[in-house]
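The next block holds one structure in the form of structure tokens; read it before the comments.
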Amino acid sequence: MNGQSTRAPGSMLPVLSWYVPGKVLRLYIPGDYSLEDSRFVNALILRELDQSQDDLMLLIDAMEMNRPYNFDQIRATQTYQNHPKLKTIYTATADRVVKLGMLIIFNISRAQLHLADNIDEADRMLNARLN
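Note that this note's numbering has the sequence shown beginning at 172, numbered continuously upward.
Structure, rendered in structure tokens:
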């Protein structure tokens, strides 16, 4: 592959941003989530966790994520899930197979996992924890 992306033309990459600055990271996953993506995201999240003075939460917006097929391989790349500063992971998806994938990926995570059917539900759970 010579360092070239294996993504289809026009496909989008995952985006990591602050949902609540200094408290909650948001990972938006549109379309396919490849092993390459998961390694890249892992490095980004680890960097934020390592730099943070406080414990953090993660909101995974998987509402537009395609169904992954390689749950075990993705789980092996997501080492951030055991970082001592990551306390809670909230995942929003209406797709049952994606939910199952999240359960497989994070079933041995140090952080607590909460599943929601949509972003509004995840936001309510998250805000109840923040307040």
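Even for Gly, the Cβ is constructed at its ideal location relative to N, Cα and C. All values derive from a computational prediction rather than experimental measurement.
The C-alpha of LEU301 is placed about 30 Å away from the C-alpha of PRO239.
With a cutoff of 8 Å on beta-carbon distance, ALA233 and ILE200 are scored as near each other. The distance from the Cβ of ASP294 to that of ALA265 is about 15 Å, inconsistent with a contact at the 8 Å cut-off.
For secondary structure counted as the beta strand (DSSP E) over 3 or more consecutive residues, the stretch 211 to 258 holds these complete runs in sequence order: 227 to 232. With respect to the 8 Å criterion, ARG197 and SER188 are classified as neighbours on the basis of their beta carbons.
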